[in-house]
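Reviewing the structure listed below.
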Amino acid sequence: MNFYVMTLFPDMIRDGLNTSITGRAIAQGRISLNAVDIRDYSTDKYRHVDDYPYGGGAGMVMQPGPIFDCYTDLVKNMEKKPRVIYTTPQGRVFSQAVARELSAEENLIFLCGHYEGVDERVLEEIVTDHLSIGDYVLTGGELPAMVMIDAISRLVPGVLSNDTSAQDESFQDGLLEYPQYTRPEEFHGRKVPQVLLSGHHANIRRWRREKSLERTWQRRPELLEHAPLDKKDLEFLKRSFGYDSESSGKL
Ligand code: ADE
């Protein structure tokens, strides 16, 4: 999977993603990362890429020309037009489901905005998806692009060393993950739950499932409405917390 990022701060993207698991995936060739400086496509000797907004108002707006030329350069050798993601608080909110959908793409281009925004005409011409990482405003689109690239990369086969670890975790099955423990067996008087030391795999699986359900009920109850739950899960939720799937949506 190939990621391309059009940005005014390519070093920020490279520094952030060339580390840890994404860094290893890049080194191993499982994913590739090409952070391109939009300023390289400026036609002005001072490398300007922004100008005052028509109609007045505060701040500067990124001009359409350099972004379009940068995009044209990136796609010129691609067989199929890739999805182009503009990171903006006005977009659809990014989620694990969106990460999963995007992880099936061969090439993805991110456009990171800055200043007061980007000239609307180039967005209309090249952008296929407007995506936000949440209802707050950041100084630029680089961190959101890195967040999305990280979440998408870990779903690409071979990026995580253990293929099952992407499956077990929070959200993959619509629930939050169960708690984890490692040595020592006792820490500050707190013991590891006995069942995890028992070696009884069926009991451990059931205990983990129930902890996932409990945690989701306590921390993100709205997720239960869409999580695939079986009869045993529903019985556990009803018995432990009085959860009733029939009436939950109407609460
Ligand atoms: N740019 C600035 N804030 C953002 C956000 N919350 N999500 C995506 N892009 C952004």
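Our numbering runs 11 ahead of the 1-based position in the sequence shown. Where is the CB? At the ideal position from N, CA and C, for every residue including glycine.
Query, Result
"Beta-carbon within less than 6 Å of N13's beta-carbon, same chain only, minus the 5 sequence neighbours each way: which residues are those?", "S43, N118"
"Closer than 6 Å between the C-beta and any heavy atom of ligand 1: which residues qualify, listed along the chain?", "T98, T99, P100, S143, I144, G145, Y147, V148, L149, G152, P155"
"Please classify M159 as buried or exposed, where buried requires at least 16 other C-beta atoms within 10 Å of its C-beta.", "buried"
"My assumption, with CB atoms under 8 Å, is that G185 sits in contact with H125. Please give the rounded CB distance.", "With 8 Å as the limit, G185 and H125 do not qualify as a contact, their Cβ atoms being about 36 Å apart."
"Reducing DSSP to helix, strand and coil, say where G27 ends up.", "helix"
"Report the rounded CA-to-CA distance for S258 versus F105, giving the unit in angstroms.", "28 Å"
"Considering just the uninterrupted stretch of the beta strand (DSSP E) at P100, what are its terminal residues?", "94–104"
"Suppose the cutoff is 7 Å on Cβ atoms and the five residues either side in sequence are ignored; what does the same chain contact list for L149 look like?", "P155"
"Rounded to whole angstroms, what is the Cα-Cα separation between V60 and Q191?", "49 Å"
"Suppose contacts are defined by Cβ-Cβ distances below 8 Å. Is M89 in contact with V47 by that definition?", "no"
"What does the alpha-carbon distance come out to for the pair Y82 and I137?", "8 Å"
"If you drop the 5 nearest sequence neighbours on each side, which residues of the same chain put their C-beta closer than 7 Å to that of L262?", "Note that L262 scores a pLDDT of 47, beneath 50, so its modelled location is shaky and nothing firm can be said."
"Helix, strand or coil, according to DSSP, for N118 in the structure here?", "strand"
"Quick check: E127 and M71, are their CB atoms within less than 8 Å of each other?", "yes"
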